[in-house]
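In this note's numbering, each residue's number is its place in the sequence shown (first place is 1) plus 10. We treat Cβ as the ideally placed atom computed from N, Cα and C, and that holds for glycine. Written out below as structure tokens is the structure these notes cover.
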Amino acid sequence: MKNLIIIFVLCLGLSGHAQKKDRHEQIKALRVPFLTEELNLTPAEAEKFWPIYNTYDCKMVDLRSRERALFEEKFFESGSKKNLTEKEANKLMAEYNDIQRSKYEIESQLMTDLTQKLPASKMVFLPEAEHKFGRKLWEEYKKRKGKD
């Protein structure tokens, strides 16, 4: 019986991980045509843009995962935010600040890398296009949640 429960729990964990990965891939598949159109990229420009952007995206996904894990660990471990000692809270804030600094550095490097190979007159609109894509995803999510 114990083995059956362990196998069941492992399957649930693996399917949850697979679903997250599938969801990320679905979002990526939607992002490609959206950003390509929003930035008005030619096929030649898109060929240069996407490898650079995908490398950036992988790094940002890793940082967001680290950020989530950082807070989940502390909140779920103690059951409450209020159970953190001052020392633990300071350590958590230092790690959070390091992650934020890394995000900024990666975003800055992305823009530098992109503008070395593509027109700055198009890349300047990338942050707004990403924001617009995020809003569009959120709106779609709200619509689907409303139907359930």
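By the beta-carbon neighbour count (other beta carbons within 10 angstroms, threshold 16), Arg154 is exposed. By a beta-carbon distance limit of 8 Å, Leu45 contacts Ala139. Their separation comes to about 5 Å. Note on geometry: alpha-carbon atoms of Thr52 and Asp108 lie some 37 Å from one another. With contacts defined by Cβ atoms closer than 8 Å, Leu128 and Glu82 do not form a contacting pair. About 6 Å separates the beta carbons of Asn50 and Lys132, which is inside the 8 Å limit, making them a contact pair. Note that the region 95-104 does not touch the region 112-129; fewer than 3 beta-carbon pairs, one per stretch, sit closer than 8 Å.
The C-beta distance from Ile62 to Leu120 rounds to 7 Å, short enough to meet the 8 Å contact threshold. A direct Cα-Cα distance of roughly 14 Å separates Val71 from Gln36. A distance of 8 Å or more separates the beta carbons of Tyr106 and Leu73. For the beta strand (DSSP E) assignment, the region 34-110 encloses no uninterrupted run of at least 3 residues. Per DSSP, Phe143 is one residue of the alpha helix (DSSP H) stretching across 136-157.
Cβ neighbours of Glu57 within its own chain (closer than 6 Å, five residues either side excluded): none.
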